[in-house]
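A.B. asks:
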Amino acid sequence: MKEIITKYTDTETEHYFKGLSNSNGIAYGKLVWHPSFEEIITSKSEIRYDSEDLIKAIQIAKRQLEKLSSRVDKEASAFLQFQIAVLSDQDFLNTLKGELKRNKSAEEAWKNHLNQIIEQYRNLDDQYFRERYEDFLDIRNRVLGIMIGHKANRNYIGETIFVGKQLMLSQFLEMDLEKVKGIALFYENDFSHLAVLAQAKKIPIIFKLQARPEDFQEESYGILDSLNSVLIMNPSIKCISNYESQGYRFFDQKTSEKHKNKNKKKTDWVIEEIAKKIIKGEYEEGQKLPIEIELAESFGVGRNIIREGIKFLSAKGLLFTGPRKGTIVKSKSDWSIFDHEVINWGIESVNRDSSFYNHLFEFRILLEPIVSQQAALRIEEKQKIMLKKKLEIFEKSMEDPQNRNLAEINFHQQIYRSTNNIFLSSLFHLVKVSIKENQKLHHFEFSTNIRICKKVVE
């Protein structure tokens, strides 16, 4: 029976999840849940793959492992070399061909072939060889993942504790171990390759965690204490103080991580990252986004944050969601292109693709003659005086690069206000962004010809 000790604090509920461990270490970080590979496979089970897909996936898996083996230390490389040897073994591949003849699906043939080997190894008497079943499980999952197009890009943005049912050795070695400070697993044991390497790298790890996947769906932070074989979710101030009295400094890390950017919550970050991928074309028009569970894993956040992000971007016209259709990237013509945030996302993506900025600058060239003409017809006496003052400040700022940008923005803003048209005035934010970006791109040029500005005022 699962043991959960609950304590109520002012803001969050503190949970203690027990487990097993023979390592010594304490880690603090964001608790990031990772779905099992079986869950990912099930979500894409309707697709059928042929023998060519399988052979190609095996070749890619082998190259990936060879590349990974060249980057890790000798002990880790030895484990990976065994997996590489299996994928190169002719007897192994010949037996697979027999499975392919007996199965309509290459996916089923691969799973059947590997599952038989896994079962054989699990039943061996020798513990060392018995534990090598993990290598075949690792190989099985990697090849299947390649076939279905699964990419576990874990964009950890700070110190993290990996939480999941299981973690394969090659997955562990691919992670950013500078950010992964601890591991908590529902399965596994302390004789696995993962346990050996985690201890060698001084990463505390807990096995057989007495918890449920749903316990980790919301964003939370925690302390992994392998000395006492416990994972503490949302530790209270009292709990943290207790650890601090022993020489640990978790509270400062938590404060720094949770408030790294006060103006950017996790949801905002996810929204911005997905939006930039869409604008850059990494997610193309008409493309179906990865399923919710994969996006959550990729960004290292809870599924609720992904849902909120998709809702927000759908409201901006970038995405469409529908029953049995998933989440699809909409055409550029559907984007709320005049929206402040969409404009900012586009400009921030300009480093890779300048077309967005070019379209914005072209729009400004077409717009400003209309605005100037309307301002000339509708400007009021007080606004004339204000416009002349803004022009004087703009002229004086020509020798002061730091203030010139602001002076130019204020001058143009006054022209837009002088149209006395709420729709034209509201378009000024586009010009503001254009001026700022132009200043970045052309540091040594006046972003606007001052003589033209004088003509506009006259």
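Residue 443, in the numbering used here, is where the sequence shown stops; the numbers in between run on with no holes. Glycine included, every Cβ here is placed at the ideal spot set by N, Cα and C.
Relative to the alpha-carbon of S177, which residue among K187, L154, G167 has its alpha-carbon at the smallest distance?
C.D. replies: The sequence position of residue 177 within the sequence shown is 192, counting from 1. It is L154.
A.B. asks: Indicate whether F201 and V165 have their beta-carbon atoms separated by less than 7 Å.
C.D. replies: Within the sequence shown, numbered from 1, the residue matching residue 201 stands at position 216. Within the sequence shown, numbered from 1, the residue matching residue 165 stands at position 180. No.
A.B. asks: Can you name the start and end residues of the alpha helix (DSSP H) that K482 belongs to?
C.D. replies: The shown model of the chain, from -14 to 443, leaves out residue 482, and the question about it has no answer.
A.B. asks: In whole angstroms, what is the alpha-carbon distance linking L412 and T145?
C.D. replies: Within the sequence shown, residue 412 is the residue found at index 427, counting from 1. Within the sequence shown, residue 145 is the residue found at index 160, counting from 1. Their Cα atoms are separated by approximately 42 Å.
A.B. asks: Using the DSSP secondary-structure output, state which residues sit across from A12 in a beta bridge.
C.D. replies: Numbered from 1 along the sequence shown, position 27 holds the residue referred to as residue 12. Looking at the DSSP assignment, A12 forms a beta bridge with L209.
A.B. asks: Quick check: the Cα distance between S410 and Y401, rounded to an integer number of angstroms?
C.D. replies: The residue given as residue 410 occupies position 425 in the sequence shown. The residue given as residue 401 occupies position 416 in the sequence shown. Approximately 5 Å, taken between the alpha carbons.
A.B. asks: Span of the beta strand (DSSP E) holding G285?
C.D. replies: In the sequence shown, counting from the first residue as 1, residue 285 sits at position 300. Element bounds for G285: n/a, residue is neither H nor E.
A.B. asks: Are the CB atoms of Y13 and Q92 within a distance shorter than 7 Å?
C.D. replies: Position 107 of the sequence shown, counted from the start, is the residue given in the question as residue 92. Position 28 of the sequence shown, counted from the start, is the residue given in the question as residue 13. For the record, residue 92 in the displayed sequence is Glu; it is not Gln. Taking 7 Å as the Cβ cut-off, E92 and Y13 do not qualify as a contacting pair.
A.B. asks: Is the stretch 190 to 210 touching the stretch 4 to 20, taking contact as three or more C-beta pairs under 8 Å?
C.D. replies: A contact exists between the stretch 190 to 210 and the stretch 4 to 20.
A.B. asks: With a Cβ-Cβ cutoff of 7 Å, do I295 and L304 count as a contact?
C.D. replies: For the purposes of this step, residue 295 is taken as the residue at position 310 of the sequence shown. For the purposes of this step, residue 304 is taken as the residue at position 319 of the sequence shown. Taking 7 Å as the Cβ cut-off, I295 and L304 qualify as a contacting pair.
A.B. asks: Out of curiosity, what's the CA-to-CA distance linking L53 and E159?
C.D. replies: Start at 1 with the first residue of the sequence shown, and residue 53 comes out as number 68. Start at 1 with the first residue of the sequence shown, and residue 159 comes out as number 174. The straight-line gap from Cα to Cα measures roughly 7 Å.
A.B. asks: So, do the stretch 255 to 263 and the stretch 224 to 233 have three or more beta carbon pairs nearer to each other than 8 Å?
C.D. replies: Judged by Cβ distances under 8 Å, the stretch 255 to 263 makes no contact with the stretch 224 to 233, as fewer than three pairs qualify.
A.B. asks: Measure the CB-CB distance between G207 and L216 and report whether it falls below 7 Å.
C.D. replies: Here the question's residue 207 lines up with position 222 in the sequence shown. Here the question's residue 216 lines up with position 231 in the sequence shown. Cβ atoms of G207 and L216: closer than 7 Å.
A.B. asks: Grab me the residues of L109's own chain with a C-beta within less than 8 Å of its C-beta, minus the 5 sequence neighbours each way, in chain order.
C.D. replies: Here the question's residue 109 lines up with position 124 in the sequence shown. Around L109: R115.
A.B. asks: Going by DSSP, what residues sit across from L304 in a beta bridge?
C.D. replies: Looking up residue 304 in the sequence shown gives position 319. Answer is V314.
A.B. asks: Kindly indicate which residue of I378, Q358, N388 has the alpha-carbon position closest to the one of T404.
C.D. replies: As a working note, residue 404 is residue 419 in the sequence shown. Selected option, being the one with the closest Cα: Q358.
A.B. asks: Would K223 be called buried (16 or more neighbouring beta carbons within 10 Å of its own) or exposed?
C.D. replies: Taking the sequence shown and counting its residues from 1, one reaches residue 223 at position 238. Per the 10 Å Cβ criterion, exposed.
A.B. asks: Report yes or no: do the stretch 50 to 70 and the stretch 97 to 108 share at least 3 C-beta pairs separated by less than 8 Å?
C.D. replies: They do not touch, by the three-pair rule.
A.B. asks: Identify which residue in L351, N388, H0 has its Cα closest to the Cα of L415.
C.D. replies: Translated into positions along the sequence shown, residue 415 becomes position 430. Of L351, N388, H0, the residue nearest in Cα terms is L351.
A.B. asks: Mark S340 as exposed unless 16 or more other C-beta atoms lie within 10 angstroms of its C-beta, in which case mark it buried.
C.D. replies: Numbered from its first residue, the sequence shown carries residue 340 at position 355. By the neighbour-count rule (16 or more Cβ atoms within 10 Å), S340 is not buried but exposed.
A.B. asks: Quick one, which of A42, E366, S299 has its alpha-carbon nearest G130's?
C.D. replies: On the sequence shown, residue 130 is found 145 positions in, with the first residue counted as 1. Checked all of A42, E366, S299; the closest Cα to G130 is A42.
A.B. asks: Rounded to whole angstroms, what is the Cα-Cα separation between S419 and K265?
C.D. replies: Taking the sequence shown and counting its residues from 1, one reaches residue 419 at position 434. Taking the sequence shown and counting its residues from 1, one reaches residue 265 at position 280. When rounded, the distance between both Cα atoms is 18 Å.
A.B. asks: Just the C-alpha distance for E(-1) and N219, rounded to the nearest angstrom, thanks.
C.D. replies: Counted from its first residue, the sequence shown places residue -1 at position 14. Counted from its first residue, the sequence shown places residue 219 at position 234. Their backbone Cα atoms lie some 5 Å apart in a straight line.
A.B. asks: Go ahead and pull the three-state DSSP assignment for F346.
C.D. replies: Against the sequence shown, residue 346 aligns to sequence position 361. The answer is helix: DSSP assigns F346 an H, G or I state.
A.B. asks: If you run the structure through DSSP and keep just helix, strand and coil, what is V418?
C.D. replies: As a position in the sequence shown, residue 418 is number 433, starting the count at 1. If DSSP states are grouped into helix, strand and coil, V418 belongs with the helices.
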